[in-house]
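The structure appears right after this line, and notes come after that.
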Amino acid sequence: MAEPVKGRGAAPAGKALSAEQVVSRFNRLRQDQRGLASKAAELELELNEHSLVIETLREVDPTRKCFRMVGGVLVERTVKEVLPALESNREQISKLIEALAQQLQAKGRELSEFRERHNIRLLGEEEPKAPAREGPEGGKGGPGGVLVS
425 MAEPVKGRGA APAGKALSAE QVVSRFNRLR QDQRGLASKA AELELELNEH
475 SLVIETLREV DPTRKCFRMV GGVLVERTVK EVLPALESNR EQISKLIEAL
525 AQQLQAKGRE LSEFRERHNI RLLGEEEPKA PAREGPEGGK GGPGGVLVS
């Protein structure tokens, strides 16, 4: 599911990421998640528009002229020609929305795992209650957390 990171923000296998790399990767994951959510919302609006047009065209005489935008060109067709194409498009948009929802859930899980793995806290978020630490250095504790705005 989650692929290894490639590019500038990645550290070679076995080496820890610096704080800047952790923040950069976290922000990139958040940006990806927002992009998926934005695209899903845009497709939801398009699906609603298709449904509204389909409902309207079902009440109209099938031989009536109607116009449809195809690739930036307005073409004249009849209702009986356009209606099946609109219904097909609506089905494809529904499937695409479902796929985006699954990707969005996967990205959310990846983001949560990354956040837990690197002990990332957002500004205004309280520090999680940690068990009592042992010794002068806090016992077994790992690397310090990263605070992200």
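Take 425 as the starting number for the sequence shown in the working numbering and just add one per residue.
Don't be surprised by glycine CBs; every beta carbon is placed ideally from N, CA and C.
Here the structure is a predicted model, which is why all the values come from computation and not from measurement.
- Contact between L460 and Q527 holds, with the beta-carbon distance rounding to 6 angstroms and staying under 8 angstroms.
- In the structure shown, L441 adopts coil according to DSSP, grouped into three states.
- Taken atom to atom, the span from the alpha-carbon of L481 to that of V503 is near 7 angstroms.
- Within a 10 Å sphere around the beta-carbon of V506 sit 16 or more other beta-carbons, which makes this residue buried.
- Within the same chain, and ignoring the five residues on either side of K463 in sequence, the residues whose Cβ sits closer than 8 angstroms to its Cβ are L524.
- With contacts defined by Cβ atoms closer than 9 angstroms, H542 and R514 do not form a contacting pair.
- Short of 8 angstroms from the beta carbon of F491, and not among the five residues preceding or following it, lie these beta carbons of its own chain, in chain order: L498, V499, E500, R501.
- Looking from the CA of L469, the closest CA among E444, L520, R454, V484 belongs to L520.
- With a 10 Å radius around the Cβ and a threshold of 16 neighbouring Cβ atoms, K489 comes out exposed.
- In terms of Cβ geometry, L535 and L453 form a close pair [threshold 9 angstroms].
- Annotation for R533: no beta strand (DSSP E) segment contains it, though the alpha helix (DSSP H) segment containing it runs 503-541.
- Between I478 and L510 a beta carbon distance of about 5 angstroms is seen, short of the 8 angstroms cut, so the two are scored as contacting.
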